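Letter 87 of the sequence shown, counting from 1, is numbered 86 in numbering that gives the first Met the number 0, and no numbers are missing.
Glycine included, C-beta positions come from ideal geometry on N, C-alpha and C.
Given the structure is predicted, the values throughout are model-derived calculations rather than measurements.
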Amino acid sequence: MPKRNGKPQSIHGGMLIPSTADDIALARAVKEKFRELCGTFQRIRGVPLKVPASLYKDIMRWKALLNRHKKRDFRHSEAEKESMKTVAEWTVALNAALRNNPKPSIEWKD
């Protein structure tokens, strides 16, 4: 197994696979919910939303996926899909916390 930065990496880790209609819809929905969350956070707390450092890599992968979809290239890697799910879960949890609601659980069909 090849190593990068001393850590084992999968040979097919960066391989792009075609996105299904569900994947494309999920990416768009997460983008809209994230934008709504930014506005809600600004309105309620009075300061812009700052993403935790633990999510930086996930946000960057998710934005790469969104940029590729914007160019009509509907493919993604497994890492990008997992990052999108992580951003979705964080968005839902923070949105519920801002509104004093219990955190809903997300069930992924994969």
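{"Asked": "Taking the CB atoms as reference points, tell me whether A95 and P101 lie closer together than 8 Å.", "Found": "yes"}
{"Asked": "With DSSP collapsed to three states, give me the class of A58.", "Found": "Note that residue 58 is Ile in the sequence shown, not Ala. Looking at I58 - three-state DSSP - the assignment turns out to be helix."}
{"Asked": "Pick out whichever of F40, M83, W107 has its Cα sitting closest to the Cα of N99.", "Found": "F40"}
{"Asked": "Under the DSSP definition of a beta bridge, which residues are partnered with I16?", "Found": "H75"}
{"Asked": "Keeping to the same chain, check which residues put their C-beta closer than 7 Å to that of L64; ignore five residues upstream and five downstream.", "Found": "A26, H75, E79, M83"}
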